[in-house]
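With the sequence shown counted from 1, adding 785 to any position gets you my numbering.
Quick reminder that beta carbons are idealized off the backbone N, C-alpha and C, glycines included.
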Amino acid sequence: MNLLTVDLEDWFHICEVEDLLPREKWDKFPSTVVADTMKLLDLVARTKSRATFFVLGYVAEKHPDLVRLIDAMGHNIGYHGWDHELVYKLSPKEFRRILRRGIACIKGLLNKRPIGFRAPQWSINDHSRWALEILAEEGFVYDSSLAPLKIIGNESYPRTPWKIRTVRGDLWELPPLTLKTPFGHYPAGGSWGLRLLPYPLLQQIVRGFNQRQGPTLFYFHPREFGGKKGFVGLPPSKKFAVHGGIWGSESQLVKLLADFRFTSIEQYLSEHPCSSD
Ligand SMILES: [Zn+2]
């Protein structure tokens, strides 16, 4: 059992290049999220895999039918913030307001609220642990925002699903797959794993993790499956991070989904209510 997750956002929702992709220009950019997501949904449907889609409020408001379709196809809907805000840059009050706005929006679309949250760019870390308390208080059951990685998170965080106890209640934490190397943890579960590692190595990593640790968690973005986006010239390091090896995403994902069983976080938690408690 492995976990498949998608951050449902458009190609221009990239952190730390706000000068190139400012919020006030988003409505003018050509949107590709619907076409890219349809392609991804088709790949996932081939193996009848199930996924959790963490929806950005901005996308839910612009493309409500896309969110309804994903839900109708049997996937689960989580929340990814409204305007792709980094949590450690928010005040607790702003974070709570953003959560409530997203809950109301998704509830309005699906008649059910999201129970899971993923912070943009894994931005719940040692500088923003207060956010976990607010998530529990606002009725979230799980979070998937703490990366066991240097810089954006902390390598000391657990690498398998774990329970966080806050004064406002408990939360499940679902970390992304990481590979231990002599140089530190590598984000193997992200699109970096899919795009930049040779498939036999990725297969071996997943198999080994399943045997020794538990479920792996992968996270993708629709923009990684709809072809190269050349609308804005990104700085070289960002370009590599976002587009490097993108031509291989589709064939790698097809192999991964065929070789391993993938499901949504919600389905996993319902089948493993007591694991690592
Ligand atoms: Zn995102």
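Beta-ladder partner(s) of residue i, from DSSP
i, result
"residue 970", "965"
"residue 837", "790 and 861"
"residue 1004", "790"
"residue 958", "928 and 947"
"residue 901", "927"
Bounding residues of the alpha helix (DSSP H) (the contiguous stretch that carries residue i)
i, result
"residue 885", "877 to 895"
"residue 846", "842 to 847"
"residue 1040", "1034 to 1044"
"residue 994", "984 to 997"
"residue 871", "Unbroken run through residue 871: none, as it is neither H nor E."
"residue 976", "976 to 981"
"residue 829", "818 to 831"
Ligand 1 heavy atom lying under 7 Å from the CB of residue i
i, result
"residue 848", "no"
"residue 905", "yes"
"residue 821", "no"
"residue 794", "yes"
"residue 912", "no"
"residue 798", "yes"
"residue 865", "yes"
"residue 869", "yes"
Buried/exposed call for residue i, threshold 16 Cβ in 10 Å
i, result
"residue 966", "exposed"
"residue 952", "exposed"
"residue 1063", "This structure cannot speak to residue 1063, because the chain is shown only from 786 to 1062."
"residue 1008", "buried"
"residue 936", "exposed"
"residue 1062", "With a pLDDT of 43 at residue 1062, under the threshold of 50, the modelled position of this residue cannot be trusted; read the value that follows with caution. So residue 1062 counts as exposed."
"residue 794", "buried"
"residue 1063", "Residue 1063 is absent from the structure shown; the chain starts at 786 and stops at 1062."
"residue 928", "buried"
"residue 916", "buried"
"residue 968", "exposed"
"residue 860", "buried"
"residue 1053", "buried"
Residue i - containing beta strand (DSSP E), residue span
i, result
"residue 862", "861 to 864"
"residue 791", "787 to 793"
"residue 915", "Segment 915 to 922 is the alpha helix (DSSP H) holding residue 915; no beta strand (DSSP E) there."
"residue 949", "947 to 951"
"residue 1054", "Per DSSP, residue 1054 belongs to no beta strand (DSSP E); it is in the alpha helix (DSSP H), 1050 to 1056."
Alpha carbon of residue i to alpha carbon of residue j, nearest angstrom
i, j, result
"residue 817", "residue 1005", "15 Å"
"residue 974", "residue 962", "4 Å"
"residue 1050", "residue 836", "7 Å"
"residue 864", "residue 993", "30 Å"
"residue 809", "residue 870", "14 Å"
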